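Chemist: Protein chains in written order, with this note's numbering: chain A, 1 to 227; chain B, 1001 to 1227.
Ideal placement from N, C-alpha and C gives every residue a C-beta, glycine not left out.
These numbers were taken from a predicted model, which means no experiment stands behind them.
Quick one: the structure is below, and I'll ask about it shortly.
There are 2 protein chains.
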Amino acid sequence: MTPSEFGTLDPRIPVVAVDVTVFTLLGSELRVLLVRVKKRPYTGVWALPGGIICSDESLEEAAYRELAEKTGLKSVYLEQLFTFGDVNRDKTRRAISTVYFALVNAEGLELKTTEKYAGIGWFPVKKLLRLAYDHAKVIRYAVKRLRWKLEYTNVAWSLLPRAFTLTELQTAYESILGKKLDKRNFRKKILSLRLLTPAGKMKHSAAHRPAELYRFKTRKPIIVKVL
Amino acid sequence: MTPSEFGTLDPRIPVVAVDVTVFTLLGSELRVLLVRVKKRPYTGVWALPGGIICSDESLEEAAYRELAEKTGLKSVYLEQLFTFGDVNRDKTRRAISTVYFALVNAEGLELKTTEKYAGIGWFPVKKLLRLAYDHAKVIRYAVKRLRWKLEYTNVAWSLLPRAFTLTELQTAYESILGKKLDKRNFRKKILSLRLLTPAGKMKHSAAHRPAELYRFKTRKPIIVKVL
DNA sequence: ACAAAAGTGTTGTTACTACACCCATGG
DNA sequence: CCATGGGTGTAGTAACAACACTTTTGT
């Protein structure tokens, strides 16, 4: 059974959807993945990627499917964020949407879209245009959760390339948390957590001293007080 | 439209339910509210209270309705916990269930049940019997969240009577976290947070020095590192 | 040689842990 | 008067915040 077979019934009967908020860093700016809707009444408006679940997949599988369709990525950090179920969040029918939350390294990543959408792109989280449904609210909530996650877990690995410098890591933290951090204290704290291991290489990027590259020892999500 | 009008369709079409994990302290033991199912194939088995949502209520309203039906309580602490959507979690049909999480003071509270159930009661969270659906898993997850909430927020007020002694508060923490706490450090920390205000009364409970009664200054949920 | 980012320590302050005795009451 | 839980302080330790200069490289 395909998604399109649902949703043709009584508009008061709830339909179950999954949406995904995918975040990445581009030019040390936090961005979210949006798609351009074709269907009325939101034609031309941008929204989070998502859709009705299929009858033979779990919610999480639906979220992974959505993510893979748009980004081609399979093994990324993904977790359930919240389920939005207000009566009039979708003007056309009763829709319950479980929103997932993904973090991605966009380096060399090609976005693809399906017939369903008229476009796809990364949008800065600051000053977002008007979005369809209640998606503006959803993104605000997701950003809050992302900030919390950065401070209390090791998920930052999912935003960065495999190997990265401590300054890159610090910049990621700074641009998402929206505040400057002390270089010495940051490095001391991060290294003392023993989450990182030197990659054994240097990054030579310009006319200045090269930086040591590090990797996360594990890419399993764990809870640690980082800051 | 009433809930019973749903669920008569194709069993592969997802139906949206809300379940509630209601916790309380009875005899300084953590307990959860369970109801006894009548319907096959879970006849006689205990489960979390819950049901299909109505077409004109939000998820949260459905959770409040469920809670009020069973406990008569209206203004309690309630928040969304998680949405469970595995394909075979309900043997009879595809059911997506958003689970809410409530904390209640059970003092002088009368449990009521509806036609739908064969019984209702408070069950110790330790050594639970077999439960219907995936509700054992749901409760384990909810207990984890409860422990986190106690350590990082002020929600403890919702488990206690309006006025309580510091020892009662400490006992609540100890029985939920499952460990002893140091009396002096606990009191020092709690009072330094300035969440409590003396109720101006004493609790005379037996042949020993009476204890000062306190109240929470606010019953709005806030995030504070308590322990 | 200079511009530009990498890298590195110390000190003061604050929060946390561990620990033992006297107090007020009811029976 | 005694059994019971209520109430209190201190000292050592660990985590955190604030702060500026030297090193290494490419051009």
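Determine which residues of the segment 34-54 of chain A have a Cβ less than 8 Å from any Cβ of chain B, and write them out in chain order.
Modeler: For the segment 34-54 of chain A, which is checked against every Cβ of chain B, the residues closer than 8 Å are Ile53.
Chemist: For the segment 1055-1088 of chain B, enumerate the residues whose C-beta is nearer than 9 Å to any C-beta of chain A, in chain order.
Modeler: Those residues of the segment 1055-1088 of chain B that come within reach of chain A (Cβ to Cβ, closer than 9 Å) are Ser1055, Asp1056, Glu1057, Ser1058, Leu1059, Glu1060, Glu1061, Ala1062, Gln1080, Phe1082, Thr1083, Phe1084, Gly1085, Asp1086, Val1087.
Chemist: Does any residue of chain A bring its CB to less than 8 Å from the CB of Arg1012 of chain B?
Modeler: By 1-based counting over the second sequence, the position of residue 1012 of chain B is 12. It does; some Cβ of chain A falls within 8 Å.
Chemist: Give the residues of chain B in contact with Thr21 of chain A, contact being defined as C-beta atoms less than 7 Å apart.
Modeler: As a working mapping, residue 21 of chain A is identified with position 21 in the first sequence. Simply none; closest approach about 15 Å.
Chemist: Under 8 Å by Cβ, that's how I've got Trp1157 of chain B and Arg1219 of chain B pegged, so tell me the actual separation to the nearest angstrom.
Modeler: Walking along the second sequence from the start, residue 1157 of chain B turns up at place 157. Walking along the second sequence from the start, residue 1219 of chain B turns up at place 219. With a Cβ gap of about 6 Å, Trp1157 of chain B and Arg1219 of chain B count as contacting.
Chemist: To the nearest angstrom, how far is the alpha carbon of Lys127 of chain A from that of Val32 of chain A?
Modeler: Counting from 1 along the first sequence, the entry for residue 127 of chain A is found at position 127. Counting from 1 along the first sequence, the entry for residue 32 of chain A is found at position 32. So the alpha carbons of these two residues sit roughly 12 Å apart.
Chemist: Are the beta-carbon atoms of Arg1036 of chain B and Ala1118 of chain B separated by less than 8 Å?
Modeler: Locating residue 1036 of chain B in the second sequence gives position 36, counting from the first residue. Locating residue 1118 of chain B in the second sequence gives position 118, counting from the first residue. Contact flag set, yes.
Chemist: If the cut-off is 7 Å on Cβ atoms, which residues from the segment 88-104 of chain A count as contacting chain B, listed in chain order?
Modeler: Answer set for the segment 88-104 of chain A: Arg94, Ile96, Thr98.
Chemist: Name the one or two DSSP bridge partners that Val22 of chain A has.
Modeler: As a first step, residue 22 of chain A must be located in the first sequence, where it is residue number 22. Paired residues: A:Ala102.
Chemist: Near Glu63 of chain A, what residues of its chain come up, given a Cβ to Cβ distance below 7 Å and the 5 sequence neighbours on each side ignored?
Modeler: What you label residue 63 of chain A is simply residue 63 of the first sequence in a count that begins at 1. A small fix is needed here, since residue 63 of chain A is Ala in this sequence, not Glu. Result list for Ala63 of chain A: Val18, Val20, Leu78, Tyr100, in chain order.
Chemist: What is the rounded straight-line gap between the Cα of Gly7 of chain A and the Cα of Pro1124 of chain B?
Modeler: Along the first sequence, one-based indexing puts residue 7 of chain A at 7. Along the second sequence, one-based indexing puts residue 1124 of chain B at 124. With a pLDDT of only 44 at Gly7 of chain A, under the threshold of 50, the placement of this residue in the model should not be trusted, and no figure is reported.
Chemist: Nearest-angstrom Cα distance between Thr2 of chain A and Gly51 of chain A?
Modeler: Locating residue 2 of chain A in the first sequence gives position 2, counting from the first residue. Locating residue 51 of chain A in the first sequence gives position 51, counting from the first residue. Bear in mind that the predicted position of Thr2 of chain A carries a pLDDT of just 40, short of 50, making it unreliable; the figure below should be weighed with that in mind. Between Thr2 of chain A and Gly51 of chain A, the C-alpha separation is close to 11 Å.
Chemist: Thinking C-beta only, is Ile1096 of chain B closer than 8 Å to Thr1113 of chain B?
Modeler: Working through the second sequence from its first residue, we reach residue 1113 of chain B at position 113. Working through the second sequence from its first residue, we reach residue 1096 of chain B at position 96. Not a contact, by the Cβ cut-off of 8 Å.
Chemist: Three-state secondary structure (DSSP) at Arg36 of chain A?
Modeler: Sequence index remark: in the first sequence, residue 36 of chain A carries index 36 (1-based). Of the three classes helix, strand and coil, the one that applies to Arg36 of chain A here is strand, per DSSP.
Chemist: Helix, strand or coil for Ser1212 of chain B, going by three-state DSSP, please let me know.
Modeler: Your numbering for residue 1212 of chain B matches position 212 in the second sequence. Sequence check: residue 1212 of chain B is Glu here, not Ser. Residue state, collapsed to three classes: strand.
Chemist: Specify whether the segment 53-71 of chain A and the segment 136-151 of chain A touch according to this definition: at least 3 beta carbon pairs, one from each stretch, less than 8 Å apart.
Modeler: Because the criterion of three Cβ pairs below 8 Å is not met, the segment 53-71 of chain A and the segment 136-151 of chain A do not touch.
Chemist: Is there contact here, the segment 1190-1202 of chain B with the segment 1153-1168 of chain B, by at least three beta-carbon pairs under 8 Å?
Modeler: Yes, since at least three Cβ pairs between the segment 1190-1202 of chain B and the segment 1153-1168 of chain B fall closer than 8 Å, the two stretches touch.
Chemist: Could one say the Cβ of Val1143 of chain B lies closer than 8 Å to chain A's Cβ atoms, at least one of them?
Modeler: Numbered from 1 along the second sequence, position 143 holds the residue referred to as residue 1143 of chain B. No, no contact with chain A.
Chemist: In the DSSP output, what is Pro1124 of chain B paired with across the bridge?
Modeler: Working through the second sequence from its first residue, we reach residue 1124 of chain B at position 124. DSSP, once it has assigned bridges, lists B:Arg1031 as partnering Pro1124 of chain B.
Chemist: With 8 Å set as the bound, which would you pick, yes or no: does the beta-carbon of Val1016 of chain B sit closer than that to a beta-carbon of chain A?
Modeler: Here residue 1016 of chain B refers to the residue found at position 16 when the second sequence is read from its first residue. Chain A, which has a Cβ nearer than 8 Å to the Cβ of Val1016 of chain B, makes this yes.
Chemist: Compare the C-beta of Pro1124 of chain B with all C-beta atoms of chain A and state if any pair is closer than 8 Å.
Modeler: Along the second sequence, one-based indexing puts residue 1124 of chain B at 124. Cβ-Cβ to chain A under 8 Å: no for Pro1124 of chain B.
Chemist: Let me check understanding here. Comparing Cα to Cα, which of A:Ser75, A:Thr171, A:Leu177 lies closest to Lys183 of chain A?
Modeler: For this step, residue 183 of chain A is matched to residue 183 along the first sequence. The shortest Cα separation from Lys183 of chain A among A:Ser75, A:Thr171, A:Leu177 belongs to A:Thr171.
Chemist: Have a look at A:Val87, A:Val226, A:Leu191 and flag the residue whose alpha-carbon is nearest the alpha-carbon of Tyr214 of chain A.
Modeler: On the first sequence, position 214 is the one that residue 214 of chain A refers to. Per the Cα distances, A:Leu191.
Chemist: Kindly indicate which residue of B:Arg1040, B:Arg1012, B:Arg1065, B:Leu1159 has the alpha-carbon position closest to the one of Phe1216 of chain B.
Modeler: Position 216 of the second sequence holds residue 1216 of chain B. Comparing Cα positions, the closest option is B:Leu1159.
Chemist: For a test of the three-state rule: what should DSSP assign to Ser1205 of chain B, helix, strand or coil?
Modeler: Reading the second sequence from its first residue, position 205 is the one you call residue 1205 of chain B. In the structure shown, Ser1205 of chain B sits in coil (DSSP, three-state: anything other than H, G, I, E or B).
Chemist: Ile1139 of chain B to Met202 of chain A, Cα distance in whole Å?
Modeler: As a first step, residue 1139 of chain B must be located in the second sequence, where it is residue number 139. As a first step, residue 202 of chain A must be located in the first sequence, where it is residue number 202. Roughly 49 Å separates the two Cα atoms.
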